[in-house]
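Chemist:
Now the structure itself:
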């Protein structure tokens, strides 16, 4: 009993405070040396983990910010990656300490495992995914009409600075001046929501139609004459704008961004294919990503690195 008590005292007072070093004990059977390090560490983590580790997956930006504020320390950091289809923000609670590595016989005291993390994958909005999927895709008049009718609420009227030349100049915002420049470089003008809706309805009503296309070189507009069993050759022509504007969020529950959309057609005999092309969507994506990640850095007071952390 005395010997058993001595072993208990040894474990409690000598071994447990030094779990970072190997534990070697001599056992009666042949007095061979056995390594009990893993068993001792397992015993220590029986009631609670030896260290914090794991990756939490957040479903909104506010939750990642709250998680970071709950677990952050003086060495915590944020990493943001905008590559691929899904931008991502990662918080590492136990990141390496600031400063150069300090190599000693006991290792680097400033190094950390970086095992305690939280990530947030920015979800693209339903509208963003729909317009991106349609962008650059040649479709029939019926298919184009159905798409425009389904997403007509995303279409907005152009600002007065684009439709009233007298307003252009000092009264136009920087964003409006950018749209004016786009219209100039693409040699076209912006249509309005009612014009797009009327065009969409005409396309969907005339399912089996031939198209006669005329192009106005001055305004950049095209007029399409629909010829079918239901409409004769004297039917009212449809004006097709070369450009129009949409306002959609990049990320779910995020702010809406104005995006120019180019409307084109490709005619081969009686058949016409229509193409919508988003103009420079990366500009809106980059802006939304920068706004969100800078907000996270500001709300957590943590440094933000653009890229991927060490794996």
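Residue numbers (my numbering): 65 to 375. Glycine included, C-beta positions come from ideal geometry on N, C-alpha and C.
(1) Nearest to residue 310 by CA position, among 225, 357, 215, is which residue?
(2) Thinking just about the alpha-carbon of each residue, which of 99, 360, 195 is nearest to the one in residue 322?
(3) Locate the beta strand (DSSP E) running through residue 370, then write down its first and last residues.
(4) Express the C-alpha separation of residue 139 and residue 248 in angstroms, rounding to a whole number.
(5) Grab the span of the beta strand (DSSP E) containing residue 211 for me, first residue to last.
(6) Indicate the three-state DSSP secondary structure (helix, strand or coil) for residue 270 in the structure shown.
(7) Can you pull the DSSP bridge partners for residue 315?
(8) Given a cut-off of 8 angstroms on the beta-carbon distance, is the pair residue 182 and residue 364 in contact?
(9) Going by alpha carbons, who is nearest to residue 185 out of 119, 254, 239?
(10) Take residue 282 and list the residues in its own chain whose beta-carbon comes closer than 7 angstroms to its own, dropping the five residues that flank it on each side.
(11) In whole angstroms, what separates the C-alpha of residue 162 from that of residue 205?
(12) Taking the beta strand (DSSP E) that residue 338 belongs to, which residues open and close that run?
(13) Of the choices 308, 264, 180, whose alpha-carbon is the least far from that of residue 223?
(14) Please classify residue 408 as buried or exposed, where buried requires at least 16 neighbouring CB atoms within 10 angstroms.
(15) At what residues does the beta strand (DSSP E) containing residue 122 begin and finish?
(16) Going along the chain, which residues of its own chain have a beta-carbon closer than 6 angstroms to the beta-carbon of residue 145, five neighbours each way excluded?
(17) Could you please give the first and the last residue of the uninterrupted beta strand (DSSP E) stretch that includes residue 154?
(18) Rounded to whole angstroms, what's the CA-CA distance from residue 244 to residue 251? Just pull it up for me.
(19) Could you check where the alpha helix (DSSP H) with residue 350 kicks off and where it finishes?
(20) State the DSSP-derived secondary structure class of residue 201, mapped to helix, strand or coil.
(21) Please report the residue range of the alpha helix (DSSP H) in which residue 406 lies.
(22) Name, in chain order, the residues that DSSP records as bridge partners for residue 330.
(23) With DSSP as the reference, label residue 265 as helix, strand or coil.
(24) Are the CB atoms of residue 360 and residue 188 within a distance shorter than 8 angstroms?
(25) Starting from the C-beta of residue 202, find all residues in its chain whose C-beta is less than 8 angstroms away, skip the five residues before and the five after it, and write them out in chain order.
Modeler: The answer reads as follows:
(1) Counting from one through the chain shown, the residue named residue 310 turns up at place 246. Of 225, 357, 215, the residue nearest in Cα terms is 215.
(2) Along the chain shown, read from residue 1 onward, the residue named residue 322 stands at position 258. With distances taken between Cα atoms, residue 322 lies closest to 195.
(3) Position 306 of the chain shown, counted from the start, is the residue given in the question as residue 370. Its beta strand (DSSP E) spans residues 368-370.
(4) In the chain shown, the residue the question calls residue 248 occupies position 184. In the chain shown, the residue the question calls residue 139 occupies position 75. Going from the Cα of residue 248 to the Cα of residue 139 covers about 50 angstroms.
(5) Here residue 211 refers to the residue found at position 147 of the chain shown. It is not in any beta strand (DSSP E) - residue 211 instead sits in the alpha helix (DSSP H) that spans 205-214.
(6) For this step, residue 270 is matched to residue 206 along the chain shown. The predicted model places residue 270 with a pLDDT of 49, which falls under 50 and marks its position as unreliable, so this point remains unresolved.
(7) For the purposes of this step, residue 315 is identified with residue 251 of the chain shown, where counting begins at 1. DSSP, once it has assigned bridges, lists 188 as partnering residue 315.
(8) Residue 182 sits at position 118 when you count from the first residue of the chain shown. Residue 364 sits at position 300 when you count from the first residue of the chain shown. Not a contact, by the Cβ cut-off of 8 angstroms.
(9) What you label residue 185 is simply residue 121 of the chain shown in a count that begins at 1. Minimum Cα distance to residue 185 is reached at 119.
(10) In the chain shown, counting from the first residue as 1, residue 282 sits at position 218. In this prediction, residue 282 has a pLDDT of 48, which is less than 50 and means its spatial position is unreliable; nothing more can be read from the coordinates.
(11) As a position in the chain shown, residue 162 is number 98, starting the count at 1. As a position in the chain shown, residue 205 is number 141, starting the count at 1. Cα-Cα distance, rounded: 60 angstroms.
(12) The count along the chain shown starts at 1 and reaches residue 338 at position 274. Per DSSP, residue 338 belongs to the beta strand (DSSP E) from 335-342.
(13) Position 159 of the chain shown, counted from the first residue, corresponds to residue 223. For the residues 308, 264, 180, the minimum Cα distance to residue 223 belongs to 308.
(14) Outside the shown range of the chain, which is 65 to 375, sits residue 408, and nothing can be said about it.
(15) Locating residue 122 in the chain shown gives position 58, counting from the first residue. Start and end: 118-122.
(16) Within the chain shown, numbered from 1, the residue matching residue 145 stands at position 81. Cβ neighbours of residue 145 beyond the five flanking positions: 152, 372.
(17) Reading the chain shown from its first residue, position 90 is the one you call residue 154. Its beta strand (DSSP E) spans residues 152-156.
(18) In the chain shown, counting from the first residue as 1, residue 244 sits at position 180. In the chain shown, counting from the first residue as 1, residue 251 sits at position 187. Rounded to whole angstroms, residue 244 to residue 251 spans 10 angstroms at the Cα level.
(19) Here residue 350 is taken as the residue at index 286 of the chain shown, counted from 1. Start and end: 345-364.
(20) For this step, residue 201 is matched to residue 137 along the chain shown. It is coil, neither helix nor strand.
(21) Nothing in the structure corresponds to residue 406, since the chain is present only between 65 and 375.
(22) Position 266 of the chain shown, counting from 1, holds the residue named residue 330. Residue 330 pairs with 337.
(23) Here residue 265 is taken as the residue at index 201 of the chain shown, counted from 1. Three-state DSSP puts residue 265 in a helix.
(24) For this step, residue 188 is matched to residue 124 along the chain shown. For this step, residue 360 is matched to residue 296 along the chain shown. It is not a contact, given that the beta carbons lie outside the stated cut-off.
(25) For this step, residue 202 is matched to residue 138 along the chain shown. So the list reads 330, 337, 338, 339, once near-sequence residues are dropped.
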